[in-house]
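Read in order, the letters of the sequence shown correspond to residues 10 to 84 in the working numbering. Glycine is no exception: its CB is placed at the ideal position from the N, C-alpha and C atoms. A short worksheet on the structure shown next.
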Amino acid sequence: MNLETSVTARGHAVPGKAVHYRLADVRMGVMQTHRIRLRPAGPSDREWSCRTLDRVSRGYGTRIRVGQDGLLRLT
């Protein structure tokens with residue numbers, strides 16, 4: 010897919026074609042609201058989010074896993 014894009018280089022817009030990059034790493038923290046505050050989601054909510062995002066993302070060739078730090082990781 011070639012899309013016309015604008016790349017910012019040192020504050021100047023440079024027109025060009027879209028360049029496809031491969032993500033090296035993405036980490037996502039799963040949060041939930043509790044009494045109008047955010048807090049880390051518990052293990053069961055984190056696993057549910059992981060399963061749901063993993064199922065949806067497979068069609069795009071990516072997978073979602075829970076890392077050792079408890080964050081969701083795009084692989």
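Residues LEU47, ARG48, PRO49, ALA50 of the same chain have their beta carbon placed closer than 8 Å to that of MET40, with the five preceding and five following residues left out of the count. Beyond the five residues adjoining it in sequence on each side, ASP63 comes within less than 7 Å, by CB distance, of ARG72, ILE73 in the same chain, given in chain order. Rounded to whole angstroms, PRO52 and CYS59 show a C-alpha spacing of 10 Å.
Per DSSP, VAL65 lies in no beta strand (DSSP E); the unbroken alpha helix (DSSP H) holding it starts and ends at 52 to 66.
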